[in-house]
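Using this note's numbering, read the sequence shown as starting at 66 and increasing by one per residue.
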Amino acid sequence: MDDLRYGKRNKRGDWAPDSALEVAPILVFPPKPIKFLKWLPSYFLPWNVMFMLLGAVYWFFLTPSVETMKTLSVGWIAYLLVRNMAAVLLIFGALELRLYIRRRQGTSFKYNGKWPSDNKSDVFMFKSQNIDNMIRTFGTGVPIWTAYEVLGLWCFANGYGPWTTFAQNPVWLAAFGLMIPIIHEVHFYCIHRLIHVPVLYKWVHSVHHNSVNPSPWSSLSMHPIEHLLYWSDSLIHLILPSHPLLLLYHLHITGTGAVIGHVGFDKIELGKESGIDTHAYTHYLHHKHFEVNYAEGTIPLDKWFGTWHDGTKEGQELMEARYAAKVARVNATPPQPGE
Numbered sequence: 066m067d068d069l070r071y072g073k074r075n076k077r078g079d080w081a082p083d084s085a086l087e088v089a090p091i092l093v094f095p096p097k098p099i100k101f102l103k104w105l106p107s108y109f110l111p112w113n114v115m116f117m118l119l120g121a122v123y124w125f126f127l128t129p130s131v132e133t134m135k136t137l138s139v140g141w142i143a144y145l146l147v148r149n150m151a152a153v154l155l156i157f158g159a160l161e162l163r164l165y166i167r168r169r170q171g172t173s174f175k176y177n178g179k180w181p182s183d184n185k186s187d188v189f190m191f192k193s194q195n196i197d198n199m200i201r202t203f204g205t206g207v208p209i210w211t212a213y214e215v216l217g218l219w220c221f222a223n224g225y226g227p228w229t230t231f232a233q234n235p236v237w238l239a240a241f242g243l244m245i246p247i248i249h250e251v252h253f254y255c256i257h258r259l260i261h262v263p264v265l266y267k268w269v270h271s272v273h274h275n276s277v278n279p280s281p282w283s284s285l286s287m288h289p290i291e292h293l294l295y296w297s298d299s300l301i302h303l304i305l306p307s308h309p310l311l312l313l314y315h316l317h318i319t320g321t322g323a324v325i326g327h328v329g330f331d332k333i334e335l336g337k338e339s340g341i342d343t344h345a346y347t348h349y350l351h352h353k354h355f356e357v358n359y360a361e362g363t364i365p366l367d368k369w370f371g372t373w374h375d376g377t378k379e380g381q382e383l384m385e386a387r388y389a390a391k392v393a394r395v396n397a398t399p400p401q402p403g404e
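Structure follows, in structure tokens:
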């Protein structure tokens, strides 16, 4: 594919799309029903359908029986951990292999023209972004993901969570399932703003932001405290009537889904004239500029709170104006006594 038909490349080799980013036409006034209907398929395809299929495969084929999960034991917990590690290795690893190791499409549609493996840095373990990211992903990321999964499934198995079935409550579970991506985004925005508080950013979130030029292995490269916050959205299934299938779907949106925003490419090419849209530019701009796009734009939280960057020159100017105002506030001389 010719990426210059869809965007432009600067002198550094960084690619950006021509069109401005837009928030989803959900909570807009006046309502735009035609625009909403045109947008709606992208809410499902390809990513949320893929995560639901992964959740279904997990539940029907790769999860121990309810009777087994009634008792906490090393065997089935270790099995879930290995199963989750294998899924991450397969999905993240396949994207890393295709896009960053074999470089099958070169820098076509790549936001940052540089390759992380070509730049060593002391901020990473062994001066390698990939090694550091993988250690954090498998060292604390997937184990904490698995811990939330174990907690949820053990509670369901023992009747501590409000487990309902699709036969009993088909409308509620269908509606809940449709809302899970939105629930995840609202939760992500809230915890994301929290860990950008200076003290938490310095000691916690800066670990993730070390990957200014993110790649698939950056997706779950976080401080353990951030991992704990990140997957805490799954606890809603122990509060509202739910089903283990929806819990597993939710965990995949949060876990596996993290790779979509960090893939570093706007399209994954499938041929000379076709490709899969990643919609990753929103989060890439967050990694690039730090204090914009705390969410993905499905719910216009960043627009409401003044942190939206649409990728245009005007968006850049608005961001720089906010920065200037912030610096002015920080540097303002407090009034002296008697003045």
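Glycine residues also receive a C-beta, built at the ideal position from the N, C-alpha and C atoms.
Distance, residue j Cα to residue i Cα
i      : j      : result
Glu132 : Ala121 : 19 Å
Asp83  : Ser107 : 19 Å
Phe189 : Phe94  : 45 Å
Arg201 : Leu285 : 7 Å
Leu243 : Leu118 : 14 Å
Arg168 : Trp282 : 15 Å
Asp197 : Val236 : 44 Å
Glu356 : Thr321 : 24 Å
Tyr388 : Gly371 : 12 Å
Arg163 : Phe157 : 10 Å
Val147 : Leu137 : 16 Å
Pro289 : Pro208 : 10 Å
Ile91  : Phe191 : 45 Å
Phe231 : Ile304 : 17 Å
Proximity of residue i and residue j at Cβ, strictly below 8 Å
i      : j      : result
Phe221 : Trp210 : no
Ala89  : Gly376 : no
Glu250 : Ala360 : yes
Leu316 : Ser299 : yes
His327 : His274 : no
Ile325 : Ala345 : yes
Tyr176 : Trp80  : yes
Thr172 : Gly78  : yes
Thr343 : Phe330 : yes
Reference residue i; option with closest CA among the options
i      : options                           : result
Phe253 : Thr319, Ile200 and Thr372         : Thr319
Val272 : Leu312, Leu164 and Met199         : Met199
Ile142 : Ala212, His302 and Lys337         : Ala212
Val395 : Pro263, Val139 and Asp342         : Pro263
Ser339 : Phe174, Trp112 and Val114         : Phe174
Lys135 : Trp219, Gly362, Pro306 and Gln194 : Trp219
Three-state secondary structure assigned by DSSP to residue i
i      : result
Glu379 : helix
Ala81  : strand
Ile74  : This sequence places Arg at residue 74; Ile is not what is there. Arg74 falls in the strand class under three-state DSSP.
Ser276 : coil
Trp373 : coil
Glu334 : strand
Trp228 : strand
Ile325 : helix
Ser130 : coil
Lys97  : coil
His261 : coil
Residue(s) in a DSSP beta bridge with residue i
i      : result
Asp342 : Lys332
Ser307 : Trp228
Lys411 : The structure shown does not extend to residue 411, since the chain is modelled only from 66 through 404, so no value can be given for it.
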